[in-house]
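Asker: Residue numbering for the sequence shown follows my numbering, starting at 259 and increasing by one per position.
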Amino acid sequence: MKIKEEQSTLVFRYVAIVILILGSVACLFPFLLILSASLTNNDSIIRDGYHLIPKEFSWAGYRTVFRFPEQVMRAYGITVFSTVVGTLLGLFLMTMAGYVLQCKDFKYRNFFSFVIYFTTLFGGGLVPWYILMTKYLGLMDTYTVLIYPGLMTPFLIILMKNFIRSAVPDEMIESAKIDGANDFLIYYRIVLQLSMPGIATVGLFLALQYWNDWFTTSLFINDTKLFQLQFYLYNMINAADSISKLGAGSGVNVAGDIPTESTKMAMAIIVTGPILFLYPFVQRYFVKGLTIGAVKG
Numbered sequence: 259m260k261i262k263e264e265q266s267t268l269v270f271r272y273v274a275i276v277i278l279i280l281g282s283v284a285c286l287f288p289f290l291l292i293l294s295a296s297l298t299n300n301d302s303i304i305r306d307g308y309h310l311i312p313k314e315f316s317w318a319g320y321r322t323v324f325r326f327p328e329q330v331m332r333a334y335g336i337t338v339f340s341t342v343v344g345t346l347l348g349l350f351l352m353t354m355a356g357y358v359l360q361c362k363d364f365k366y367r368n369f370f371s372f373v374i375y376f377t378t379l380f381g382g383g384l385v386p387w388y389i390l391m392t393k394y395l396g397l398m399d400t401y402t403v404l405i406y407p408g409l410m411t412p413f414l415i416i417l418m419k420n421f422i423r424s425a426v427p428d429e430m431i432e433s434a435k436i437d438g439a440n441d442f443l444i445y446y447r448i449v450l451q452l453s454m455p456g457i458a459t460v461g462l463f464l465a466l467q468y469w470n471d472w473f474t475t476s477l478f479i480n481d482t483k484l485f486q487l488q489f490y491l492y493n494m495i496n497a498a499d500s501i502s503k504l505g506a507g508s509g510v511n512v513a514g515d516i517p518t519e520s521t522k523m524a525m526a527i528i529v530t531g532p533i534l535f536l537y538p539f540v541q542r543y544f545v546k547g548l549t550i551g552a553v554k555g
């Protein structure tokens, strides 16, 4: 009986490994296809389609993106700045909010939890938000507007609250209070130390949110020197497409030799590169933080 159980376990393990390998290949394949297309001659893409191995190798897509290197690097710097500062400030505020909302001796914790949850279902609308940010807060064309909107994300606050409730025993907090520790000391010395998986998970979500954000720039930024990378590249490819359509409509080759397809793929690689570099450092915390933090309490 024991031998049969070991054999069935072994078979299940091999099947799971095969499925995992196939799933990994399926996830990796689109990225490799995009990488290959970014290194392929634009005419080859239009003529032959996308291939895993470039038929006609070319750096034209990357040369087009970096045709104005100062503007690209400025947009890159602004995106990195808003992502780093926004993630650090957001983690500080949301971990504090999560700790306070899970404290059983906080009288209004249920009320504030309901208000936060309510905002995930119903929003105030785009127009009131725009008026608030521009007319009342005066954040138009400022660095602050790129950071401020994402500092308190309701879903991440709820995730952080549930993780702290699962990871930090009430007895430990009570013991610390008996020893004379105040709430901030408990938060700094105990809660943060035991909540690293949850913090890494929330931090990754928040960093992705800031890094991929182009909508905020499109609403509140008119100064081209403050454009984030995604919005800068978005404008670049829109301009190239418009020129190509104008040329097609007039019968004149207005676009010249702008490699629109390979440029799009090169942009995708440039934008996803830093996130791919960051993920391996936090992935060991990611699954644990997401699963434990998702438990309702």
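Even for Gly, the Cβ is constructed at its ideal location relative to N, Cα and C.
Note that this is a predicted model, so its numbers are computed, not measured.
Give me, in chain order, the residues of the same chain whose beta-carbon lies closer than 7 Å to that of V510; leave out the 5 immediate sequence neighbours on both sides.
Answerer: With a pLDDT of 48 at V510, under the threshold of 50, the modelled position of this residue cannot be trusted; read the value that follows with caution. Excluding sequence neighbours, V510 sits near nothing in its chain.
Asker: Kindly indicate if chain C contains any beta-carbon less than 9 Å away from that of E519.
Answerer: No chain C appears in this structure, which consists of one protein chain only.
Asker: Going straight from the alpha carbon of T521 to that of S433, what length do you get?
Answerer: One C-alpha to the other measures close to 59 Å.
Asker: Which residues in the same chain as A552 place their Cβ atom closer than 6 Å to its Cβ, once the five residues preceding and following it in sequence are excluded?
Answerer: Residue placement at A552 is flagged as unreliable, the pLDDT there being 49, under the threshold of 50; the coordinate-derived value follows with that caveat. For A552, where only same-chain residues beyond five positions count, there are no Cβ hits under 6 Å.
Asker: In whole angstroms, give me the CA-to-CA distance for L286 and M523.
Answerer: Cα-Cα distance, rounded: 15 Å.
Asker: Mind checking which residues open and close the alpha helix (DSSP H) that includes I479?
Answerer: Neither: I479 is in no alpha helix (DSSP H) and is coded neither H nor E.
Asker: Should A274 be labelled buried (16 or more other beta-carbon atoms within 10 Å of its own) or exposed?
Answerer: By the neighbour-count rule (16 or more Cβ atoms within 10 Å), A274 is not buried but exposed.
Asker: Straight-line CA distance for Q488 to F413?
Answerer: About 24 Å.
Asker: For T392, which of helix, strand or coil comes out of DSSP?
Answerer: The answer is helix: DSSP assigns T392 an H, G or I state.
Asker: Does the beta-carbon distance from S302 to Q486 come in below 9 Å?
Answerer: No. Outside cutoff.
Asker: Quick one: is T411 buried, meaning 16 or more other Cβ sit within 10 Å of its Cβ, or exposed?
Answerer: Under this definition T411 is a buried residue.
Asker: Write down every uninterrupted run of the alpha helix (DSSP H) in the segment 367 to 440 whose length is 4 residues or greater and which is fully enclosed by it, in chain order.
Answerer: Runs of the alpha helix (DSSP H) inside the segment 367 to 440: 367 to 379, 384 to 389, 402 to 405, 412 to 425, 428 to 436.
Asker: Pull up the distance between the alpha-carbon of I405 and that of S266, whole angstroms please.
Answerer: Cα to Cα, I405 sits roughly 53 Å from S266.
Asker: Take R325 as the anchor and find which of Y401, T402, I495, P386 has the nearest alpha-carbon.
Answerer: Looking at the Cα atoms, I495 is the closest of the given residues.
Asker: Out of curiosity, what's the CA-to-CA distance linking E328 and S476?
Answerer: So the two alpha carbons sit approximately 21 Å from each other.
Asker: Considering Cα atoms alone, identify which of T353, I279, N470 is closest to G531.
Answerer: Closest by alpha carbon: N470.
Asker: Once DSSP output is grouped into helix, strand and coil, what is the label at F364?
Answerer: It is coil, neither helix nor strand.
Asker: Which same chain residues end up closer than 6 Å to Y388 when comparing Cβ atoms and leaving out the 5 residues on each side of it in sequence?
Answerer: No residues qualify anywhere along the chain.
Asker: Confirm, please, whether the CB-CB distance from L291 to L310 is below 9 Å.
Answerer: Taking 9 Å as the Cβ cut-off, L310 and L291 qualify as a contacting pair.
Asker: Using DSSP with H/G/I as helix, E/B as strand and the rest coil, what is F489?
Answerer: In the structure shown, F489 sits in a helix (DSSP, three-state: H, G or I).
Asker: Who are the near neighbours of M398 in its chain, counting only those whose CB is closer than 6 Å to its CB and skipping five residues on each side?
Answerer: Cβ neighbours of M398 beyond the five flanking positions: T392, F478.
Asker: Give me the residue from T518, L534, P538, F535 with the minimum Cα distance to R321.
Answerer: Measuring from the Cα of R321, the nearest candidate turns out to be T518.
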